[in-house]
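Below you'll find the structure, written out as C-alpha cells, and then a few comments.
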Amino acid sequence: NGLTAETILSADGRPNVIVRSRRTGDGPTLMLCGHLDTVGLGAMERPLEPRIDGDRLVGRGAYDMKAALAATLVACRDASRAGVNGQVIVAAVADEEHASLGIQAVLEHITADAAIITEPTELAIGIAHRGFAWVEIEVLGKAAHGSRPHLGVDAIFRTGPVIAALEAHNAGLQGTAHPL
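Residues 3 to 182 (our numbering) are what the sequence shown spells out, left to right.
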C-alpha cells in the first residue's frame, strides 16, 4: 500500500509498530495512535477468536481498540495515495493498560506536529487529558514479637499519614478543571 513499517521494542521487550505514509511536501506530520494490548481475557467465551454476532464483531479488543487501529491504517494509506501535503504516522503501541512504555519508546523515534489518540469515546471528542501518574510508596518498619512491641516500628501505623495525605490531595483535585 505504499507505506513503510518498523518495529520498535519497549523497555520490557514488547513490540510497537510505526507505520508511515509517504512524505509529500513540507506539510505537518500527524500521528494517529492506538494501543495493541487489551485487558485480561476474563470470562469471555473464546476471547481471541473473532466472530460475528448479529451485526457485531465480538472478540477481546475488537472495540478497544483493534477497530481504531484498522481505521488509522486505512487513513494512513489513503493519505499516502492522495498525496496529502505532509505525512501521516500510525503508532500502534503496547502497554497502554499499565505504564505506557510503548508510546515512550515510539516517541524516541518520531516527532509529530499533532496527534490523535483513537481511543473509543462514543464519538465524543476530547481535546485534552488529565494524565496519570504511577507512584510506588515504601513505608519502612521494624518487625518485633507481639510480646515486645516496643522493640519494633509498625509500618502500618506509619502508612496512615501517607494515606491521609493522598486523600487530602485527591479531595483538592476534585472540582478542578483545565480550561480545555
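All C-beta atoms, glycine included, are put in the ideal place defined by N, C-alpha and C.
Small disclaimer: the values here were computed from a predicted structure and weren't measured.
- request: Identify whether R62 lies in helix, strand or coil by the three-state DSSP scheme.
  value: coil
task: Look at the alpha carbon of I91 and the alpha carbon of E121, and state the distance between them as a whole number of angstroms.
output: 16 Å
query: For the candidate residues T161, D14, P181, whose alpha-carbon lies nearest to that of I129?
result: P181
message: By the three-class DSSP mapping on this structure, what secondary structure does M46 have?
response: coil
- prompt: Between the C-alpha atoms of E169 and R150, what's the straight-line distance to the nearest angstrom?
  reply: 33 Å
P17: first and last residue of the uninterrupted beta strand (DSSP E) it sits in: 17-22
- prompt: beta strand (DSSP E) containing T9: first to last residue?
  reply: 6-11
message: Between the stretch 20-37 and the stretch 67-84, can you find at least three pairs of beta-carbon atoms closer than 8 Å?
response: yes
task: Could you say if the stretch 159-166 and the stretch 140-149 meet the contact criterion of at least three C-beta pairs nearer than 8 Å?
output: yes
Host beta strand (DSSP E) of I118 (start-end): 116-119
task: Give a yes or no on whether the C-beta atoms belonging to A70 and G42 are separated by under 7 Å.
output: no
message: Tell me the DSSP secondary structure of V164 in three-state form.
response: helix
- prompt: Expressed to the nearest angstrom, what Euclidean distance is found between the alpha-carbon atoms of E99 and G56?
  reply: 29 Å
message: In the DSSP output, what is D55 paired with across the bridge?
response: R58
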